[in-house]
Amino acid sequence: MGVQRRRFLAGLGAGATAITAGCLQFGGDTDGPAVAGETLTLTTTTSTYDTGLLDEIHPDFEGMYGVSVDAVAQGTGAALESARNGDSDVVMVHARGLEDDFMRNGYGVNRRDLMFNDFVIVGPEGDPAGIQGMGSATEALTAIAEAGVTFVSRGDNSGTHTKELNLWEAAEGEPGGDWYQETGSGMGEALNIANQQGAYTLSDRGTFLSRRSDSDLVILVQGPIKDGAEILANPYGVIAVNPAIHDNANYDLAMAYIGWLTSPGVQDAISNYKRNGEQLFYPEAISENPNFQQYVPEGWNSDSSE
Amino acid sequence: MIVSPEVVVQPLAAVIDFPFSGGYVWSITYVSLYVSLIAVTLSTLFGVPVAIGMAFSEFPGRQFVKSVINTGMGFPSVVVGLAVLFLVSNQGPLGSMNLVFTREAMIISQFVLATPPITAISLASISGVSDRVRDAAHVLGGTRLDVALVVLKEARYGIATAILAGFGRAISEVGSVLIVGGNITGADGISKTRTLTTAIQLEARQGQYETAMILGAILLVLVLVINAIVIRFGDQGVGR
Numbered sequence: 005m006g007v008q009r010r011r012f013l014a015g016l017g018a019g020a021t022a023i024t025a026g027c028l029q030f031g032g033d034t035d036g037p038a039v040a041g042e043t044l045t046l047t048t049t050t051s052t053y054d055t056g057l058l059d060e061i062h063p064d065f066e067g068m069y070g071v072s073v074d075a076v077a078q079g080t081g082a083a084l085e086s087a088r089n090g091d092s093d094v095v096m097v098h099a100r101g102l103e104d105d106f107m108r109n110g111y112g113v114n115r116r117d118l119m120f121n122d123f124v125i126v127g128p129e130g131d132p133a134g135i136q137g138m139g140s141a142t143e144a145l146t147a148i149a150e151a152g153v154t155f156v157s158r159g160d161n162s163g164t165h166t167k168e169l170n171l172w173e174a175a176e177g178e179p180g181g182d183w184y185q186e187t188g189s190g191m192g193e194a195l196n197i198a199n200q201q202g203a204y205t206l207s208d209r210g211t212f213l214s215r216r217s218d219s220d221l222v223i224l225v226q227g228p229i230k231d232g233a234e235i236l237a238n239p240y241g242v243i244a245v246n247p248a249i250h251d252n253a254n255y256d257l258a259m260a261y262i263g264w265l266t267s268p269g270v271q272d273a274i275s276n277y278k279r280n281g282e283q284l285f286y287p288e289a290i291s292e293n294p295n296f297q298q299y300v301p302e303g304w305n306s307d308s309s310e
Numbered sequence: 065m066i067v068s069p070e071v072v073v074q075p076l077a078a079v080i081d082f083p084f085s086g087g088y089v090w091s092i093t094y095v096s097l098y099v100s101l102i103a104v105t106l107s108t109l110f111g112v113p114v115a116i117g118m119a120f121s122e123f124p125g126r127q128f129v130k131s132v133i134n135t136g137m138g139f140p141s142v143v144v145g146l147a148v149l150f151l152v153s154n155q156g157p158l159g160s161m162n163l164v165f166t167r168e169a170m171i172i173s174q175f176v177l178a179t180p181p182i183t184a185i186s187l188a189s190i191s192g193v194s195d196r197v198r199d200a201a202h203v204l205g206g207t208r209l210d211v212a213l214v215v216l217k218e219a220r221y222g223i224a225t226a227i228l229a230g231f232g233r234a235i236s237e238v239g240s241v242l243i244v245g246g247n248i249t250g251a252d253g254i255s256k257t258r259t260l261t262t263a264i265q266l267e268a269r270q271g272q273y274e275t276a277m278i279l280g281a282i283l284l285v286l287v288l289v290i291n292a293i294v295i296r297f298g299d300q301g302v303g304r
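Those protein sequences? They're chains A and B, same order as listed.
Using the working numbering, you'd call the opening residue of the first sequence number 5 and step up by one each time.
Using the working numbering, you'd call the opening residue of the second sequence number 65 and step up by one each time.
Structure below.
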């Protein structure tokens, strides 16, 4: 019965494909996969969106399923909030702590590690706080705070901002005083502000590289990609919105998207994506050694009484 | 003295083809115009009759309604955006209509923003028509309707200004359309909910100030052209 139905559907699909060959998203009911013609709403972070990676890889997914992806670029905090309200189907963000809260509260399911890059501490070439080459990001921040040199903070509840706050916490320093400026702006703007003022800031490597040509800032403290401090790692995760909480969430398509993103072909495409000749993201989804922690909040285990 | 739009747009197109792919600029311009024009049309259909009604009648609380409308003129667009987001979000009262991150949601917020200036300026211009005009129309044997029509004819420039002010507020607005529209472009580079203003915001966020300025220039030209058309239209109205 099931086989017959499948064969019928296959025939129907082939016929429909032949009839509508050359047409895009035409007659969503019979043409191709059952999700054809639907829209996947992805809320993601400005740092992923602004690199142009999504525009580069999405046409493949859209063509494969005959769907369209609406990518909304927000800060990590806002992207998760949209998903919490059921306004998106899938999120791609980079703040593990916030992602874990999101999952613990039941809003997200089936998290996967997707890719990573790293953060770097950038500043003026003169380096007034003398942090160049420091192996420890927290020591570097402490040095900046003690020297009282201007530090530009995103201040927008983004993944980068969250990382910065975690670093201050680890450095046991309270960011404050005239030298600490919360700008409430995107990474490109924050880099511009830092450049104008000869200030330090924390940036993801991708955005810094793509903006380097019109800036006098240089990388002073490296992240793990260039053998720097592990604490500066910047992992991206992708999570489907839980259809048990939001029944309007397009769960089928969200899972198709996650499956596609973590497939070998797309992971290769991510690693091949370059801007100004530099690789921006390092794929992380495919590994011979299972990493079960990617599916659950950090530190969760089945023995704990959750 | 009015420069034909082609003369202005053509050299700009040569410039903007460089940083952006083909249909991108046209599609965000189209979305800007689509959302703003529909919203302003709806605001006009709602606001002008309200202004007429208020100008020709007395009712308790009239002054209060007037001050509410005047307050609406200064309402921050981000707040309107948040309110509309709560309305159309899947958790909100209109959640079942799936309006979040669509042009329709943008039209709702633009409508909320454009209606107060259109209503208030129309009301002011209708109220501002000299009593002598009203009296003259009355003395010449006009019915209430005739008087109203005469007054409206006198006030038409003011009403046109009101509509232009509403249009200006809608098309130059960035905060609310960013929140409720989501600034979405398809992977093919064709805008879904990205407008000129949110595109400018995006470029500025990335620190691409030059391309942001180019888009700003296009927006300025667009507003100039619309203003010229409306004023031209008004002058022809006088000729007839």
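The C-beta atom is built at its ideal place from N, Cα and C for all residues, glycine as well.
Here DSSP, grouped into helix, strand and coil, assigns ASP74 (chain A) to strand. Closest option to TYR53 (chain A), judged by alpha-carbon separation, among A:VAL270, A:GLY127, A:GLY210 and A:HIS250: A:GLY210. ARG279 (chain A) sits in a strand when the DSSP states are folded into three classes.
Annotation: the continuous alpha helix (DSSP H) that includes GLU267 (chain B) extends over 260–269.
With respect to SER96 (chain B), THR259 (chain B) sits close: the two C-beta atoms are nearer than 9 Å. A distance below 7 Å between beta-carbons, with the five flanking residues on each side excluded, links MET170 (chain B) to the following residues of its chain, in chain order: VAL99, VAL241, VAL244, GLY245 and THR257.
Its chain contains LEU195 and ASN199 as the residues whose beta carbon lies nearer than 7 Å to that of SER219 (chain A), once the 5 sequence neighbours on both sides are disregarded; these appear in chain order. Ranking A:SER291, A:MET191 and A:GLN185 by CA distance to the CA of SER51 (chain A) puts A:MET191 first. Close CB contacts of ALA151 (chain A) within its chain, under the 7 Å cut and outside five residues either way in sequence, are with PRO132 and ALA133 (chain order).
Using a CB distance cut-off of 9 Å, ILE264 (chain B) does not count as an interface residue toward chain A. Between GLY152 (chain A) and chain B, the shortest Cβ-Cβ separation is not below 9 Å.
In the DSSP assignment, VAL94 (chain A) falls within the beta strand (DSSP E) that extends over 94–97. DSSP links GLY127 (chain A) through a beta bridge to A:VAL222. Residue environment for GLN127 (chain B): exposed (fewer than 16 other C-beta atoms within 10 angstroms of its C-beta).
Just so you know, the alpha carbons of THR166 (chain A) and ALA292 (chain B) end up roughly 49 Å apart. Within chain B, the residues PHE165, GLY246, ASN247 and ILE248 have their CB atoms less than 8 Å from the CB of VAL76 (chain A), given in chain order.
Of all residues in the segment 58–76 of chain A, the ones placed with a Cβ closer than 8 Å to any Cβ belonging to chain B are LEU58, ASP59, HIS62, PRO63, GLU66, SER72, VAL73, ASP74, ALA75 and VAL76, in chain order. If you check the CB distance, ALA115 (chain B) and ILE227 (chain B) do not come in under 9 Å. By the rule that beta-carbons nearer than 9 Å mark a contact, ASP199 (chain B) does not touch chain A.
Contact between SER141 (chain B) and GLU237 (chain B) holds: their C-beta atoms lie close to 5 Å from each other, under 8 Å. Take ILE264 (chain B), set aside five residues on each side of it, and the residues of its chain with a beta-carbon closer than 7 Å to its own are ALA276, LEU279 and GLY280, in chain order.
Taking CB atoms only, ALA268 (chain B) has a neighbour in chain A less than 9 Å away. In this structure, DSSP gives ASP251 (chain A) a state outside helix and strand, which the three-state scheme calls coil.
Inter-residue distance for MET118 (chain B) and LYS130 (chain B) is about 9 Å (C-alpha atoms, whole angstroms). Contact between ALA83 (chain A) and THR49 (chain A) is confirmed by a C-beta separation of about 6 Å, below the 8 Å threshold.
Take ALA253 (chain A), set aside five residues on each side of it, and the residues of its chain with a beta-carbon closer than 7 Å to its own are GLY90, ASP93, VAL245 and PRO247, in chain order. Neighbours of GLY271 (chain B) in chain A, taken as residues whose beta carbon is under 7 Å from its own, are GLY192, GLU193, LEU195, ASN196 and ARG215 in chain order. Annotation note: the segment 168–222 of chain B contains no uninterrupted beta strand (DSSP E) run of length 3 or greater. Under the DSSP assignment, GLN185 (chain A) falls outside any alpha helix (DSSP H), being part of the beta strand (DSSP E) whose first and last residues are 184–186. Collapsing the DSSP output to three states places ASN89 (chain A) in coil.
Per DSSP, reduced to three states, the secondary structure at ALA281 (chain B) is helical. For PRO63 (chain A), there is no enclosing beta strand (DSSP E); the enclosing alpha helix (DSSP H) has its first and last residue at 57–69. ILE243 (chain A): member of the beta strand (DSSP E) spanning 237–245, first to last residue. Out of A:GLU302, A:THR266, A:MET68 and A:VAL153, the CA that lies nearest to the CA of GLY181 (chain A) is found in A:VAL153. The beta-carbon of GLY159 (chain B) is placed less than 9 Å from the nearest beta-carbon of chain A.
Contacts between SER107 (chain B) and chain A, judged by CB atoms closer than 7 Å, are missing: the closest CB pair is about 26 Å apart.
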